[in-house]
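Trainee:
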Amino acid sequence: MTKTELKRVCVKPYDKDRFEVDKDYIFSLPSLTARIPKGFKTDGASIPRIFWSVYPPYKSEYFSACVIHDFLCINAKSKADYMLANQILKEAMQELKINKFKIFVFYHSCNIFHKIKCLIKGIR
Numbered sequence: 014m015t016k017t018e019l020k021r022v023c024v025k026p027y028d029k030d031r032f033e034v035d036k037d038y039i040f041s042l043p044s045l046t047a048r049i050p051k052g053f054k055t056d057g058a059s060i061p062r063i064f065w066s067v068y069p070p071y072k073s074e075y076f077s078a079c080v081i082h083d084f085l086c087i088n089a090k091s092k093a094d095y096m097l098a099n100q101i102l103k104e105a106m107q108e109l110k111i112n113k114f115k116i117f118v119f120y121h122s123c124n125i126f127h128k129i130k131c132l133i134k135g136i137r
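Going by this note's numbering, the residue at position 50 of the sequence shown is 63; the numbering climbs one at a time, nothing skipped.
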């Protein structure tokens, strides 16, 4: 069994609505332990602007989970990789003690988006 360790990621502004990881970010969840390298660029939660008043993309409450998800998605090569990224997002949000409704919304929104993306782009 893997020891869980999920600290808050340290970032600095990079560009409008984008951030850069300020130092290597190492996290450990029951399903995955990994390192996100310093310099990795993220937009936080990729939420349509119309919903920003309800779910701000840079909210510290879930920002670390979103950075992990972005990193995994950028490196995804298959539909299974995207589904794993979504599962890790859910797991990270649970570790951060995010309320169950927000976890449900984020997880299922990502699943729907990635299934459509894989279908359109022919990713298997």
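For glycine and all other residues, C-beta sits at the position ideal for the given N, C-alpha and C.
All figures in this text were calculated on a predicted structure; none of them were measured in a lab.
#1: What does the Cβ neighbour count give for residue 125, buried or exposed, with the cut at 16 atoms within 10 Å?
#2: Looking only at its own chain, which residues have a Cβ that is under 7 angstroms from the Cβ of residue 99, when we skip the five neighbours before and after it?
#3: State the beta-bridge partners of residue 34 as determined by DSSP.
#4: What whole-angstrom Cβ distance do residue 52 and residue 34 have, given they're in contact under 8 angstroms?
#5: Sort 114, 113, 46, 63 by Cα distance to residue 18 and report the nearest one.
Mentor: Checking against the coordinates, here is how it stands:
#1: Burial call: exposed.
#2: Excluding residues within five positions, the ones whose Cβ falls inside 7 angstroms are 120, 123, 124, 127.
#3: 24
#4: Sure, about 6 angstroms apart at Cβ, within 8 angstroms.
#5: 46
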